[in-house]
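Student: Letter 265 of the sequence shown, counting from 1, is numbered 264 in numbering that gives the first Met the number 0, and no numbers are missing. Just dropping this structure here.
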Amino acid sequence: MGIVSSLPSLTGAKRLVIKIGSALMVDPQQAAPRHEWLDSVVADIAFLRERGVQVCVVSSGAIALARYRLGLVDGTLRLAEKQAAASVGQVLLAQAWAEALERHGMTASQILLTAEDTEERQRYLNGRATIQTLLELGCVPVINENDTIATAEIRFGDNDRLAARIAQMIGADQLVLLSDIDGLYESDPRSNPAAVHLPVIERLTREIMAMGGNPPPGYPSGGMRTKLLAAVMATQSGCAMVIAQGAMKHPLCAVMEGERCSWFLAAEEALTVRQ
């Protein structure tokens with residue numbers, strides 16, 4: 000597999016997609032966004048934009064925010080309850096991002112997508128044109144799956160793969176998955192403290208994909224498995240991807256300063272958008 004001497008740099012990206020999960024975005028004790036943490040992420044985004052990097056965010060958290068507001072805290076939600084919670088939560092999530100970005104002189108936009116929007120050609124082209132125009136106008140698009148209408152048959156199922164699809168759509172050259180783990184290990188470090196961390200993955204071999212394991216108990220998707228599937232999508236389209244620990248403040252600056260993470264290098268021969 001080998002370790003290369005030169006790794007991608009976030010400040011060297013032209014277009015960067017950042018994915019943030021619910022566990023990072025929402026404080027379950029306060030039933031609210033983690034405002035101080037979010038402000039640190041937005042400060043990192045401002046730092047990158049000052050260096051000419053266009054930034055797009057894929058943010059989870061809508062359903063998690065609304066569960067507390069609607070009293071749907073206990074048990075597994077029915078599909079209709081998830082869709083209702085998403086409808087309420089998207090307002091709360093968009094407000095949190097808009098306020099945080101505005102404090103740093105940036106304008107947020109909100110885009111909600113389903114899997115069909117990225118697979119049906121005309122919708123795909125319309126979505127790509129909208130996101131590209133927003134970036135050119137200096138906005139920070141904040142994207143999430145449209146859980147208010149998505150069903151089990153048409154939804155992405157996780158925002159890791161949605162983020163990779165967005166990276167493909169807009170021709171991003173780097174994708175950051177902020178996670179509760181600092182990268183890929185040869186085995187699960189929670190059950191094996193001696194598990195070896197992999198800082199650089201040049202090719203997604205069968206052995207690498209097998210390290211993803213199964214989704215966490217009680218979840219149909221998620222965990223390292225979906226991150227590796229996202230890596231396949233991103234790297235094959237010429238986009239480097241990094242899995243990094245997101246819980247600390249200023250997680251993007253931490254990556255830039257050499258904090259431990261896992262880089263997946265872009266394929267040398269990238270597929271075309273149509274492929």
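Cβ atoms here follow ideal geometry from the backbone N, Cα and C, with glycine treated the same way. These numbers come from a predicted model, not from an experiment.
I believe G182 touches L197 by the beta-carbon criterion, under 8 Å. Please report the beta-carbon distance rounded to the nearest angstrom.
Tutor: 7 Å
Student: Report the rounded CA-to-CA distance for V41 versus T113, giving the unit in angstroms.
Tutor: 26 Å
Student: So what's V16 in DSSP terms, helix, strand or just coil?
Tutor: strand
Student: Does H286 come out as helix, strand or coil in the three-state DSSP assignment?
Tutor: Given that the chain is displayed from residue 0 to residue 274, the structure contains no residue 286 and the question cannot be resolved.
Student: Could you name the residues that DSSP lists as bridge partners for Q196?
Tutor: First, the amino acid is wrong: residue 196 is His here, not Gln. BP columns for H196 point to Y184.
Student: Helix, strand or coil for I242 per DSSP?
Tutor: strand
Student: Over what stretch of residues does the alpha helix (DSSP H) that includes Q89 continue unbroken?
Tutor: 78-102
Student: The beta strand (DSSP E) spanning S58 covers which residue range?
Tutor: 53-58
Student: Under three-state DSSP, which class holds T106?
Tutor: strand
Student: Let me confirm a value: S8 is counted as buried when at least 16 other C-beta atoms fall within 10 Å, else exposed. Which label applies?
Tutor: Exposed.
Student: Roughly how many angstroms lie between the CA atoms of S261 and A253, to the nearest whole one?
Tutor: 13 Å
Student: Can you tell me which of C238, S39, Q53 puts its alpha carbon nearest to the alpha carbon of L136?
Tutor: Q53
Student: Which residues in the same chain as S4 place their Cβ atom closer than 8 Å to its Cβ, once the five residues preceding and following it in sequence are excluded?
Tutor: Only weak support exists for where S4 lies, its pLDDT of 44 falling under 50; the value from the coordinates is given anyway. So no residue of the chain qualifies.
Student: Is the Cβ-Cβ distance between A83 and V25 less than 7 Å?
Tutor: no
Student: Might you give, ordered along the chain, the residues of its own chain that have their beta carbon closer than 6 Å to the beta carbon of K13, omitting 5 neighbours on each side?
Tutor: D172
Student: Can you tell me the Cβ-Cβ gap for S248 and S39, rounded? I've got them flagged as a contact below 8 Å.
Tutor: According to the sequence as given, residue 248 is Lys; it is not Ser. Yes, K248 and S39 are in contact; Cβ-Cβ is about 4 Å, under 8 Å.
Student: What do you get for Q29, buried or exposed, if any count of 16 or more other CB atoms within 10 angstroms of its CB means buried?
Tutor: exposed
Student: Please name the residue or residues paired with L174 in a DSSP beta bridge.
Tutor: V16, M240
Student: Return the CA-CA distance between I17 and E267, expressed in angstroms with no decimal places.
Tutor: Distance from the CA of I17 to the CA of E267, rounded to the nearest whole angstrom, comes to 22 Å.
Student: Taking the straight line between their C-alpha atoms, what separation do you get for S21 and Q121?
Tutor: 30 Å
Student: Can you tell me whether DSSP reads L111 as helix, strand or coil?
Tutor: Residue state for L111 is assigned as strand, using DSSP reduced to three classes.
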